[in-house]
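Asker:
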Amino acid sequence: MKTIFFSLSFENVYKNLFFFSGSAFFRLGEALKGRDDVQIVFLLPASYEESFRPFIEEKFGANRKIELIHYPYAKKRSFFQKLFYFFYAHFIFTGTTFMLTTMGMRPGEPPGGGRIYLMPLKFLIANTFGRLKFMRDKIIPEIFYRSYSKGIFEDAFEKYKPDLVFAPHLFGQFDQALVAEANKRKILTLGMISNWDHFDKYYIPVQTDKLLAQSEQIKDFAMRYQNYRAEQIFLTGYPQFDFLGNADYAVSREEVLDKYDFAPGAKYIYYISGSAYCPDEPDVIEKILRWIKEGKLDPGVKLVI
5 MKTIFFSLSF
15 ENVYKNLFFF
25 SGSAFFRLGE
35 ALKGRDDVQI
45 VFLLPASYEE
55 SFRPFIEEKF
65 GANRKIELIH
75 YPYAKKRSFF
85 QKLFYFFYAH
95 FIFTGTTFML
105 TTMGMRPGEP
115 PGGGRIYLMP
125 LKFLIANTFG
135 RLKFMRDKII
145 PEIFYRSYSK
155 GIFEDAFEKY
165 KPDLVFAPHL
175 FGQFDQALVA
185 EANKRKILTL
195 GMISNWDHFD
205 KYYIPVQTDK
215 LLAQSEQIKD
225 FAMRYQNYRA
235 EQIFLTGYPQ
245 FDFLGNADYA
255 VSREEVLDKY
265 DFAPGAKYIY
275 YISGSAYCPD
285 EPDVIEKILR
295 WIKEGKLDPG
305 VKLVI
């Protein structure tokens, strides 16, 4: 029997591969129906058990197993681990790195973690150690394995002896540690990132044998910043977009209006919140409501948030 390890360690993985009807998760389940020569073992951080175990058990059928891994997250890192992370993460220094260091990304978070003065050091690391192939290929993966991964997944690997490890969130240390264990055992690995900008922020200390890239941009970033070769990379597109582009899942305007108890022919503004990056959203919403009241927008328009 062939065994595949499937990591589910981040909410974006659920959104990208599990959430939508017809997603990769459902297609995998269909492909394995009636087959007893393949089993899927889902590896979850123990903290995700309540969120994801019921869904997997309900939707995937009997051909799956779930292992809950107690993984020491970043907040519990030792001083050496923090120092090592700072070192290897800045093997690349891009425009995104510069922005994170000098401007920050999210409101309320100081640029560079409040240490803007470290920018020259980050630039120096990227342009010295970061250019050394043996550091990227040999030294960093070995130290990472010994510092972060060793022993965490050992029981799962010994128990199931996987033939393939799939890590769909390479930016996260859970998946990185999983890949490090697989690489140490020379087990085939397949990876992807869960967001478009995960390859040009920091250097990732492990590399998978094959990589699924959702776009040409991600492929370019993987080759330019993460040491991948073109022959390792397969372009897939964004799997969740299959649902959005499928007219079979479309809902008529009449159904939407009826759902919100709006009159036929009503106009409405659909406002999708993203407050992690926009703390002044209440002001935006208040202004839209004021415009409606003042007649700058159709007085009958509805606002759905």
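When we follow the numbering used here, the leftmost residue of the sequence shown carries the number 5, and every step to the right adds one.
Here a beta-carbon is modelled for each residue, glycine too, at the ideal position from N, C-alpha and C.
No experiment lies behind these values; they were computed from the predicted model shown.
Since Gln230 and Phe24 are thought to touch, with beta carbons under 8 Å apart, how far apart are those beta carbons, to the nearest angstrom?
Answerer: Going by Cβ atoms, the distance from Gln230 to Phe24 rounds to 27 Å, so no, they are not a contact pair.
Asker: Where do the N-terminal and C-terminal ends of the alpha helix (DSSP H) with Phe84 fall, by residue?
Answerer: From DSSP, the alpha helix (DSSP H) with Phe84 extends over Phe83 to Ala93.
Asker: Can you tell me whether DSSP reads Lys271 as helix, strand or coil?
Answerer: Correct three-state label for Lys271: coil.
Asker: State the Cα-Cα distance for the pair Phe170 and Ile8, rounded to the nearest angstrom.
Answerer: Going from the Cα of Phe170 to the Cα of Ile8 covers about 7 Å.
Asker: Would you check if the distance between the CB atom of Phe97 and the CB atom of Phe127 is smaller than 8 Å?
Answerer: Yes, the Cβ-Cβ distance between Phe97 and Phe127 is below 8 Å.
Asker: Would you decide whether Ala254 is buried or exposed? Buried here means 16 or more other CB atoms lie within 10 Å of its CB.
Answerer: Result: exposed.
Asker: How is Ser277 classed by DSSP in three states: helix, strand or coil?
Answerer: It is coil, neither helix nor strand.
Asker: With a threshold of 16 other CB atoms inside 10 Å of the CB of Asp201, please say whether the residue is buried or exposed.
Answerer: It is exposed - the Cβ of Asp201 has fewer than 16 other Cβ atoms within 10 Å.
Asker: Can you list, in chain order, the residues of its chain with a C-beta nearer than 8 Å to that of Ala217? Leave out the 5 residues immediately preceding and following it.
Answerer: Taken in chain order, the residues that qualify are Met196, Lys223, Ala226, Ile237, Phe238, Leu239 and Thr240.
Asker: Which whole runs of the alpha helix (DSSP H) in the region 133–210 are 4 residues long or more, in chain order?
Answerer: You should have 144–148, 158–164 and 177–188.
Asker: Do Leu12 and Leu48 have their C-beta atoms within less than 8 Å of each other?
Answerer: For Leu12 and Leu48, yes; Cβs fall inside 8 Å.
Asker: Between which residues of its own chain and Phe247 is the CB-CB distance below 8 Å, once the five residues before and five after are set aside?
Answerer: Phe24, Ser25, Gly26, Ser27 and Tyr253.
Asker: Check for me: the beta strand (DSSP E) holding Val308 runs from which residue to which?
Answerer: Where Val308 is concerned, the enclosing beta strand (DSSP E) stretches over Lys306 to Val308.
Asker: Locate the alpha helix (DSSP H) running through Thr101, then write down its first and last residues.
Answerer: Here the alpha helix (DSSP H) through Thr101 covers Gly99 to Thr106.
Asker: Between His173 and the rest of its own chain, which residues show a CB-CB distance below 6 Å, the 5 nearest in sequence each way excluded?
Answerer: So the qualifying residues of the chain are Ser13, Phe14, Val17, Asp179 and Ser198.
Asker: Counting pairs of beta carbons, one from the region 31–48 and one from the region 204–221, are three or more of them closer than 8 Å?
Answerer: In short, these stretches do not touch, since the Cβ pair count stays below three.
Asker: Locate the beta strand (DSSP E) running through Val1, then write down its first and last residues.
Answerer: The structure shown has nothing for residue 1, since the chain only spans 5 to 309.
Asker: Check this for me: beta carbons of Ile129 and His94, under 8 Å apart or not?
Answerer: Going by C-beta atoms, Ile129 is nearer than 8 Å to His94.
Asker: If you draw a straight line from the alpha carbon of Phe88 to that of Val288, how long is it in whole angstroms?
Answerer: One C-alpha to the other measures close to 42 Å.
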